[in-house]
Amino acid sequence: ASFRAASQSAGAAASSQWGGMERAARGADLARGLEALPVPVRAPPPHGPAAFQYSPEHVTGAGEDIDPSEIVFPGCICPSASCTAATCSCLRHGENYNSLCINSLESAMGYARPVFECNAMCQCSESCQNRVVQRGLQFQLEVFHTDKKGWGLRTLEFIPKGRFVLAEHACWRPNLKGLSDSG
Numbered sequence: 009a010s011f012r013a014a015s016q017s018a019g020a021a022a023s024s025q026w027g028g029m030e031r032a033a034r035g036a037d038l039a040r041g042l043e044a045l046p047v048p049v050r051a052p053p054p055h056g057p058a059a060f061q062y063s064p065e066h067v068t069g070a071g072e073d074i075d076p077s078e079i080v081f082p083g084c085i086c087p088s089a090s091c092t093a094a095t096c097s098c099l100r101h102g103e104n105y106n107s108l109c110i111n112s113l114e115s116a117m118g119y120a121r122p123v124f125e126c127n128a129m130c131q132c133s134e135s136c137q138n139r140v141v142q143r144g145l146q147f148q149l150e151v152f153h154t155d156k157k158g159w160g161l162r163t164l165e166f167i168p169k170g171r172f173v174l175a176e177h178a179c180w181r182p183n184l185k186g187l188s189d190s191g
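Under the working numbering, the first residue of the sequence shown is numbered 9, with each subsequent residue one higher.
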């Protein structure tokens, strides 16, 4: 999921240029029905999130050459409904992760390799265990406001260790020039 937020000074311009960007009402679903679960807002009046555009997909920013959703790896040819690390080429790309996509191995390099999910090019089924991020939001979250720290995101239910929660949270604060450039 991506959040594109407009700065206060550019909020009105952003709202008129981008249909669908509007100030969210208290308790409203910030995801506007684009996720399986609503993402409510808890904020005391007169607070409310600034104008923003919610997207369950990656939103390519200005200056990005490649949209990650357009990067396609050859799909696996696993004959079963769910892939296994022994046979799946997608799972082998992310070899430092276990079957639940948990990085259980310490990385001597100081970083972890990306997780490679099965995709539309794969022969396995939609219920494959290696299709996690593409299923979207699976836990109840809430956006809330505090006087001293501003906006935050919290869970409303227990999340087991190692489970996927949210792909990305990105705030984009354009100026008027940025709006016309990224159109």
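C-beta: ideal position from N, C-alpha, C; glycine also. Given the structure is predicted, the values throughout are model-derived calculations rather than measurements.
(message) Helix, strand or coil for residue 67? Go by DSSP, reduced to three states.
(response) coil
(message) Going by DSSP, what residue range makes up the alpha helix (DSSP H) through residue 100?
(response) 97-101
(request) Just the C-alpha distance for residue 151 and residue 50, rounded to the nearest angstrom, thanks. (result) 6 Å
(message) If the criterion is Cβ atoms closer than 7 Å, does the pair residue 45 and residue 148 meet it?
(response) yes
(message) Please state the DSSP three-state secondary structure of residue 171.
(response) coil
(request) Pull up the distance between the alpha-carbon of residue 38 and that of residue 60, whole angstroms please. (result) 9 Å
(request) Check residue 50 in the structure and name its three-state DSSP category. (result) strand
(request) Determine the closest residue to residue 166 out of 41, 146, 136 and 138, with distance taken between C-alpha atoms. (result) 146
(request) Kindly indicate the opening and closing residues of the beta strand (DSSP E) around residue 143. (result) Premise fails: residue 143 is in no beta strand (DSSP E) and is neither H nor E.
(request) Could you give the DSSP three-state label for residue 61: helix, strand or coil? (result) strand
(message) Going by DSSP, what residue range makes up the beta strand (DSSP E) through residue 161?
(response) 158-163
(message) For residue 171 and residue 70, I'd like the C-alpha separation in whole angstroms.
(response) 31 Å
(request) Please list, in chain order, all residues of the same chain as residue 133 whose beta carbon is under 6 Å from its beta carbon, the five residues on each side excluded. (result) 89
(message) Once the 5 residues before and after residue 164 are set aside, which same chain residues still bring their CB inside 6 Å of it?
(response) 148 and 150
(request) State the Cα-Cα distance for the pair residue 129 and residue 63, rounded to the nearest angstrom. (result) 23 Å
(message) Give me, in chain order, the residues of the same chain whose beta-carbon lies closer than 6 Å to that of residue 41; leave out the 5 immediate sequence neighbours on both sides.
(response) none
(request) Output the distance between the C-alpha atoms of residue 91 and residue 98, rounded to the nearest integer angstrom. (result) 9 Å
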